[in-house]
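Asks: This is the structure I want to talk about, given as structure tokens.
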Amino acid sequence: MVEESVVAVEIVDACSTEEWLLHSQQLVPIALTKSKQVQGFQGRWKMIITKLEQVPSKLSDLSSHPCFSKNALCKEQLQAVSRTLREAIELAELCLKEKYEGKLRMQSDLDALICKLDLNLKDCSLLTKTGVLGEATLPFNVSLAESDIATHSNIKELLARLQIGHLEAKNKALEKLHDVMKEDEKNVLAVFGRSNVSALVQLLTATSPRIREKTVCIISSLIESGSCENWLVSEGVLPPLIRLIESGSSVGKEKAIVSLQKLSMSEDTTRAIIGHGGVRPLIELCESGDSVLQAAAACTLKNISAVPEVRQVLAEEGIVKVMINLLNYGILLGTKEYAAECLQNLTASNENMRKSVISEGGVRSLLAYLDGPLPQESAVGSLRNLVGSVSEETLVSLGLLPCLVHILKFGSLGAQQGAASVICKICSSMEMKKMLGEVGCIPLLINMLGAKVNNARLLAAQAIVSLMVLPQNRREIKKDDKSVPNMVQLLDPSPQNTAKKYAVSCLGSLSSCKKCKKLMISYGAIGYLKKLVEMEIPGAKKLLERLERGKLRSLFSRK
């Protein structure tokens with residue numbers, strides 16, 4: 000009997016791929032004949048018969064591949080097809096004899112059979128399309144060391160296994176891929192294709208938490224390496240990543256949020272994150288106590304806030320209050336910096352957003368943060384956006400002026416530039432100019448005139464010009480030994496030097512002082528000014544004439 004020969008073939012573990020093909024081909028007509036004889040469950044059996052009739056053509060496609068007999072995947076696939084066909088025969092016999100355990104149980108078994116047949120047909124098609132059959136590979140049960148799985152051909156087979164077979168088989172492939180990437184990530188990335196990316200994204204929605212966790216670890220590595228980001232997004236990675244943030248394991252959440260953090264650097268992806276409802280889970284992570292998750296979520300929201308048209312959505316989700324809270328109580332220093340940068344983005348061009356930040360106590364929180372050991376540029380930027388919407392009295396009462404001095408002393412050059420910009424912005428009244436001079440801003444701004452960065456020199460010069468309107472501030476500048484030399488250096492006529500017109504203005508205000516005039520001449524101001532006169536820089540001609548008169552008088556007095 001054919002059935003007896005079938006059992007005999009399955010018992011022999013050493014059967015070749017060709018023998019498994021023959022075995023499967025023998026089973027198809029048996030399964031079809033018996034299926035057509037069944038009278039009950041006609042709807043389900045009709046679907047089963049339709050799928051069984053497709054099996055011969057799939058087997059033919061598989062067997063016609065040039066490397067059919069060389070590849071372990073073909074043999075495994077034929078074994079899987081044989082098991083499904085045998086199950087179809089067994090279920091048909093039970094239905095014919097009506098010896099099954101209840102109608103519902105049989106309906107469930109038939110539904111499972113339909114799913115297996117679907118999987119077999121799909122996997123046969125995938126195998127003939129992946130290109131992996133062009134590589135001769137070793138059996139799947141050989142250990143990593145024995146098979147030298149780090150070669151491209153074996154990695155291709157491993158990646159193909161993510162697309163075929165039942166969930167447990169994919170899980171096994173996932174585990175091996177995870178191990179391989181730890182040791183040889185470069186070779187894995189070299190052979191990754193779009194179909195492999197698609198398979199990984201599909202595994203992110205698997206029912207098994209363990210499979211989801213391993214999958215997101217691999218996806219995180221892909222994103223971290225800068226590979227496949229566009230493929231991942233286009234294959235739909237964002238929704239499952241967001242769901243993992245909401246309900247994944249601790250490892251799954253961490254890898255998912257780190258992945259989103261990197262992906263959110265693209266504006267298009269940022270909009271997609273918003274569209275898939277990603278803001279609320281990110282905000283909830285910011286409110287959690289986990290430092291790593293909190294920092295990554297804050298960074299992702301900071302990236303999202305850089306896109307102007309989505310800021311209103313963020314505001315509606317309550318981001319302002321959350322970021323101010325992080326600024327006050329964030330666990331890591333980096334988290335506070337992300338919060339400050341997010342606030343800077345939010346307040347860049349929206350007056351309503353500025354009012355919201357101010358009403359939630361944002362100015363006080365920013366000043367408290369800036370009073371720390373390392374004032375950050377982003378926090379100063381946020382402050383600069385806000386000061387124009389706050390009264391002078393409030394700013395003074397909150398301690399803005401000593402904070403500016405602190406930033407000019409201890410902040411990075413970027414933070415110092417921000418502080419100089421704030422000074423220019425708040426120098427609207429004589430009283431404010433007076434207070435800025437009294438707290439000690441002037442010597443620090445004079446130091447900035449000697450900075451290597453052009454923008455720093457420009458902002459410092461602008462701030463000094465604003466403060467010089469007040470006589471007592473001018474006296475303070477005259478007393479500083481660095482003021483005239485630094486300002487003369489800013490007369491440099493090169494196009495890169497954008498501070499020259501402010502330097503002319505500053506020196507013009509000081510030129511009535513004989514000591515300052517002599518210093519200007521001795522540091523070469525006349526030579527610079529002659530070139531600036533040719534460039535028609537405002538005030539240069541008048542200052543040049545003053546200095547030249549002073550030089551002549553000095554000559555005559557010596558004679």
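Heads up: the sequence shown begins at 0 in numbering that gives the first Met the number 0, then just goes up one per residue. Note that beta-carbon positions come from the ideal geometry of N, C-alpha and C, so glycine has one too. The model shown is predicted, which means the values in this text are computed figures rather than measured ones.
If you draw a straight line from the alpha carbon of residue 134 to that of residue 268, how long is it in whole angstroms?
Replies: For residue 134, the predicted structure reports a pLDDT of 45, less than 50, and the residue's modelled location is therefore unreliable. The matter cannot be settled from this model.
Asks: Leaving out the 5 sequence neighbours to the left and right, which residues in its chain are closer than 6 Å to residue 299 when beta-carbon positions are compared?
Replies: 259, 260, 263 and 281
Asks: Out of 379, 531 and 430, which has the shortest C-alpha to C-alpha gap to residue 415?
Replies: 379
Asks: What does the Cβ neighbour count give for residue 41, buried or exposed, with the cut at 16 atoms within 10 Å?
Replies: exposed
Asks: Can residue 314 and residue 341 be called in contact, C-beta distance under 8 Å?
Replies: no
Asks: Who are the Cβ neighbours of residue 350 in its own chain at under 6 Å, not counting the five residues just before and after it?
Replies: none
Asks: If you check the beta carbons only, do residue 490 and residue 518 fall under 8 Å apart?
Replies: no
Asks: Give me the Cα-Cα distance between residue 19 and residue 60, rounded to the nearest whole angstrom.
Replies: 15 Å
Asks: Going by C-alpha distance, which of 544, 459, 438 and 15 is nearest residue 420?
Replies: 459
Asks: Between residue 485 and residue 543, is the Cβ-Cβ spacing less than 8 Å?
Replies: no
Asks: Confirm, please, whether the CB-CB distance from residue 177 to residue 216 is below 8 Å.
Replies: yes
Asks: What first and last residue would you give for the alpha helix (DSSP H) that runs through residue 60?
Replies: 54–62
Asks: Which whole runs of the alpha helix (DSSP H) in the stretch 454–496 are 4 residues long or more, in chain order?
Replies: 470–478 and 482–488
Asks: Assuming residue 84 and residue 124 make a contact with CB atoms under 8 Å, what is their CB distance in whole Å?
Replies: Not a contact, Cβ separation roughly 17 Å.
Asks: Answer with buried or exposed for residue 172, where buried requires no fewer than 16 other C-beta atoms within 10 angstroms of its C-beta.
Replies: Buried, because 16 or more other Cβ atoms sit within 10 Å of the Cβ of residue 172.
Asks: For residue 326 and residue 289, what's the separation of their Cα atoms in angstroms?
Replies: 16 Å
Asks: Exposed or buried, residue 328, counting other C-beta atoms within 10 Å across all chains shown (16 or more means buried)?
Replies: exposed
Asks: If you reduce the DSSP assignment to three classes, tell me which class residue 204 lands in.
Replies: Residue state, collapsed to three classes: coil.
Asks: Quick check on the burial criterion: 16 or more other C-beta atoms within 10 angstroms. Buried or exposed for residue 356?
Replies: Residue 356 is buried by the Cβ-count criterion.
Asks: Which full runs of the beta strand (DSSP E) of 3+ residues lie inside the stretch 231–286, going along the chain?
Replies: none
Asks: Helix, strand or coil: how does DSSP classify residue 316 here?
Replies: Note: residue 316 maps to coil in three-state DSSP.
Asks: Tell me where the alpha helix (DSSP H) around residue 384 begins and ends.
Replies: 376–386
Asks: Provide the residue span of the alpha helix (DSSP H) that contains residue 22, from first to last.
Replies: 16–36
Asks: Quick check on the burial criterion: 16 or more other C-beta atoms within 10 angstroms. Buried or exposed for residue 103?
Replies: exposed
Asks: Report yes if the CB atom of residue 48 is closer than 8 Å to the CB atom of residue 35, and no otherwise.
Replies: yes
Asks: Contact defined as beta carbons within less than 8 Å: I believe residue 154 pairs with residue 126. What is the distance between those atoms, to the nearest angstrom?
Replies: Not confirmed; about 17 Å, so no contact.
Asks: Among residues of its own chain, excluding the 5 on either side of residue 547, which ones have a beta-carbon nearer than 8 Å to its beta-carbon?
Replies: 525
Asks: Tell me the residue span of the alpha helix (DSSP H) that contains residue 77.
Replies: 71–96 is the span of the alpha helix (DSSP H), which, as asked, contains residue 77.
Asks: Measuring CB to CB, does residue 426 end up less than 8 Å from residue 433?
Replies: no
Asks: Have a look at residue 545 and residue 496 and give me their C-alpha separation to the nearest angstrom.
Replies: 23 Å
Asks: Between the C-alpha atoms of residue 339 and residue 331, what's the straight-line distance to the nearest angstrom?
Replies: 13 Å
Asks: With 16 other CB atoms within 10 Å as the buried threshold, where does residue 494 fall?
Replies: That one is exposed.
Asks: Here's a check: name, in chain order, each residue in its chain whose Cβ is nearer than 8 Å to the Cβ of residue 471, leaving out the five neighbours to either side.
Replies: For residue 471, where only same-chain residues beyond five positions count, the Cβ hits under 8 Å are 433 and 436.
Asks: By the 10 Å Cβ neighbour count, where 16 or more other Cβ atoms means buried, how is residue 537 classified, buried or exposed?
Replies: exposed
Asks: Do you know how far the Cα of residue 407 is from the Cα of residue 476?
Replies: Using only the alpha carbons, I get a separation of about 17 Å.
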